[in-house]
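Asker: Each residue of the sequence shown is one higher than the one before, counting from 7 in my numbering.
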Amino acid sequence: MLNFFCTQCNKSYPSDTKAWRCACGGPFSLSFQPPRFDPKVLVHRYPSLWRYRETIPIESDEDLVTYNEGFTPLTKHKFSGIDVDLKLDYLFPTGSIKDRGSTVLISKVRELGISEIVEDSSGNAGASIAAYCARAGIRVRIFVPDSASPNKKQQIELYGARLEAIRGTREDVAEATHRVADRGVYYASQIWNPFYIHGVKTLAYEIAEQMKWNVPDFVLAPLGVGTIILGLYQGFNELRELGVFDKFPKIVGVQSAQCCPLYDLWQKGKALDSYLSTTIAEGIAHQSSPRDFEVIESIRKTDGAILIVKEEEIVQAFSQLANAGFYVEPTSAVVLPGLKRLAESTSLSNRRVVVILTGSGLKYRINSKRQGAEQPKANI
Ligand SMILES: *Cc1c(COP(=O)(O)O)cnc(C)c1O
Ligand SMILES: [Zn+2]
């Protein structure tokens, strides 16, 4: 049995605990040593994220809740003269990168024999968890902000989850969820539950394998609470421990300048009390992260960075990506101005830069957004 440990006070808990955080309030991590594994075994395996089965901490194959998802394409493209490899993680069964974490987390829920869970989300995580619960026959309540994309809310409900739309901020939604979790309903949270990160880490394994077990120089991803960044760090760190390569890619997180608590913490050591949450990048509009210091520490250890981009840049990048054939949601588009910002401070020639495209544009509708958010002009 693996243990959880508290990232704040180091107290240890069995990983089958129903507690969703430490008594001190800190988030858990999983104490996990990846077993030795030889990439040669992969040759005959199905191209899904479960090809890295040995490194995923679920005991029995019978408990896996999976659609054979993952191993998304790594596709070359040139933006403003910069060569990049785009990781097409919007091509998951529910249309976002969240499925990486959900397949592992809901497998764990099944392994624990739990029949009802609760979860909160700005939309994508909710849709993802709802789909995996549909497949596993697990009852689920999903809390979202009332202002979440109608398409995401519809998707959650159609998967059969009970949708709880809460008037207020993303943080009000989290509080309502914590009240249910504190009454004993298992909290399958992408933010709090460490098993989720052990699904996201397959992103690093896939990138490494698709690059013939080389490590890229940079990896760029949108940054909200930081599960993508933490998953990338976890995966690349395991690959280092396994001796696959000896350096890290520089991990770069991109936030909206309107809502950038982790950037401020990184740059100035202190976040503001509140931020505008009307950014069009709704998937990363978080006022804070329970894992803020873990995220910053991971980025620091890879010699990476946190960058911020303006609202009009996100709107423009959303159209630019679609024009290039990559139909992603605005949240995903932050990486493009992030790439430009990175190129202003570092030479990227002869560097391998991987850019993660996280969510499908099919869930997003121009003009369906709440007041105050900037609108892309439909170019039709
Ligand atoms: C969840 C999500 C992110 C950000 O992930 P965090 O873990 O909050 O940093 C980025 N893009 C999309 C489309 C997402 O759904
Ligand atoms: Zn603690």
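Here a beta-carbon is modelled for each residue, glycine too, at the ideal position from N, C-alpha and C.
Only a predicted model underlies this, so the values are computations on that prediction, with no experimental measurement involved.
Would you mind working out which of Pro-79, Gln-326, Ile-314, Glu-350 sits nearest Gln-216, comparing C-alpha positions?
Answerer: For the purposes of this step, residue 216 is identified with residue 210 of the sequence shown, where counting begins at 1. Of the listed residues, the one whose Cα sits closest to Gln-216 is Pro-79.
Asker: DSSP has Cys-265 in a bridge; who is on the other side?
Answerer: Along the sequence shown, one-based indexing puts residue 265 at 259. Answer is Ser-262.
Asker: Is the segment 272-284 in contact with the segment 217-232, if contact means three or more CB pairs nearer than 8 Å?
Answerer: Contact fails: fewer than three Cβ-Cβ distances are below 8 Å.
Asker: How far does the alpha helix (DSSP H) with Tyr-211 in it extend, from its first residue to its last?
Answerer: Counting from one through the sequence shown, the residue named residue 211 turns up at place 205. That run of the alpha helix (DSSP H) goes 208-216.
Asker: Considering only heavy atoms of ligand 2, does any lie closer than 7 Å to the CB of Lys-307?
Answerer: Position 301 of the sequence shown, counting from 1, holds the residue named residue 307. Lys-307 Cβ: outside cutoff for every heavy atom of ligand 2.
Asker: Measure the C-alpha to C-alpha separation of Val-179 and Ile-148 and round it to an integer number of angstroms.
Answerer: Taking the sequence shown and counting its residues from 1, one reaches residue 179 at position 173. Taking the sequence shown and counting its residues from 1, one reaches residue 148 at position 142. So the two alpha carbons sit approximately 10 Å from each other.
Asker: For Cys-12, report the span of its alpha helix (DSSP H) as first-last.
Answerer: Along the sequence shown, read from residue 1 onward, the residue named residue 12 stands at position 6. Looking at the DSSP string, Cys-12 is not in any alpha helix (DSSP H); the run it does join, the beta strand (DSSP E), is 9-12.
Asker: Whose C-alpha, out of Thr-208, Tyr-193, Trp-219, Asn-9, is nearest the C-alpha of Leu-253?
Answerer: Stepping through the sequence shown from its first residue, residue 253 is reached at position 247. Checking the sequence, you will find Lys at residue 253 rather than Leu. Minimum Cα distance to Lys-253 is reached at Trp-219.
Asker: Where in the segment 306-351 do unbroken runs of the alpha helix (DSSP H), each at least 4 residues long, occur, reported from the N-terminal end onward?
Answerer: Complete alpha helix (DSSP H) runs here, min 4: 317-329, 336-339, 341-351.
Asker: Where does Tyr-269 land, buried or exposed, given buried means 16+ other C-beta within 10 angstroms?
Answerer: For the purposes of this step, residue 269 is taken as residue 263 along the sequence shown, with counting starting at 1. Buried, by the Cβ-count rule.
Asker: Tell me the DSSP secondary structure of Asn-385 in three-state form.
Answerer: Within the sequence shown, numbered from 1, the residue matching residue 385 stands at position 379. Note that Asn-385 has pLDDT 47, beneath the 50 cutoff, so the model's placement of it is unreliable and no number is given.
Asker: Going by DSSP, what residue range makes up the beta strand (DSSP E) through Arg-106?
Answerer: Sequence index remark: in the sequence shown, residue 106 carries index 100 (1-based). From DSSP, Arg-106 is part of no beta strand (DSSP E) but of the alpha helix (DSSP H) over 104-117.
Asker: Just reading off the beta strand (DSSP E) that Tyr-138 is part of, what are its end residues?
Answerer: Counting from 1 along the sequence shown, the entry for residue 138 is found at position 132. Unbroken run through Tyr-138 is the alpha helix (DSSP H), 130-142; no beta strand (DSSP E).
Asker: Could you name the residues of the same chain whose beta carbon sits closer than 6 Å to that of Gln-377, not counting the 5 residues immediately before and after it, in chain order?
Answerer: Counting from 1 along the sequence shown, the entry for residue 377 is found at position 371. Because Gln-377 sits at a pLDDT of 49, beneath the cut-off of 50, its placement in the model cannot be relied upon, and the following sentence gives the value as read from the coordinates. For Gln-377, where only same-chain residues beyond five positions count, there are no Cβ hits under 6 Å.
Asker: With a CB to CB cut of under 6 Å and the five nearest residues on each side skipped, what residues in its chain are close to Ile-305?
Answerer: In the sequence shown, counting from the first residue as 1, residue 305 sits at position 299. Result list for Ile-305: Ile-257, in chain order.
Asker: Kindly provide the chain-ordered list of residues whose Cβ lies closer than 5 Å to any non-hydrogen atom of ligand 2.
Answerer: That gives Cys-12, Gln-14, Cys-15, Lys-17, Cys-28, Cys-30, Gly-32.
Asker: Got a sec? Which residues, its chain only, sit under 6 Å from Ala-291 by beta carbon, not counting five neighbours each side?
Answerer: Numbered from 1 along the sequence shown, position 285 holds the residue referred to as residue 291. Cβ within range, chain order: Cys-265, Ser-283, Thr-285.
Asker: I'd like to confirm something about Gly-232: is its beta-carbon nearer than 7 Å to some heavy atom of ligand 1, or not?
Answerer: Position 226 of the sequence shown, counting from 1, holds the residue named residue 232. The answer is yes for Gly-232.
Asker: Since His-184 is in the alpha helix (DSSP H), which residue starts that stretch and which ends it?
Answerer: To locate residue 184, count along the sequence shown from 1; it is residue 178. From DSSP, the alpha helix (DSSP H) with His-184 extends over 176-188.
Asker: In terms of alpha-carbon separation, which member of Leu-97, Asn-74, Thr-175, Ile-372 lies closest to Ser-128?
Answerer: Stepping through the sequence shown from its first residue, residue 128 is reached at position 122. It is Thr-175.
Asker: Which residue marks the beginning of the alpha helix (DSSP H) containing Thr-233, and which one marks its end?
Answerer: Counted from its first residue, the sequence shown places residue 233 at position 227. Element bounds for Thr-233: 233-247.
Asker: Under the three-state reduction of DSSP, which class applies to Val-47: helix, strand or coil?
Answerer: As a first step, residue 47 must be located in the sequence shown, where it is residue number 41. Val-47 falls in the helix class under three-state DSSP.
Asker: Return yes when at least one heavy atom of ligand 1 lies under 7 Å from the C-beta of Ala-328, else no.
Answerer: Here the question's residue 328 lines up with position 322 in the sequence shown. No, the Cβ of Ala-328 stays beyond 7 Å of every heavy atom of ligand 1.
Asker: Within the present structure, is the beta-carbon of Lys-104 separated from the nearest heavy atom of ligand 1 by less than 7 Å?
Answerer: Locating residue 104 in the sequence shown gives position 98, where the first residue counts as 1. Because some heavy atom of ligand 1 lies under 7 Å away, the Cβ of Lys-104 counts as near it: yes.
Asker: On the three-state DSSP scale, how would you describe Ile-197?
Answerer: By one-based count along the sequence shown, residue 197 stands at place 191. Reduced to three states, the DSSP call for Ile-197 is coil.
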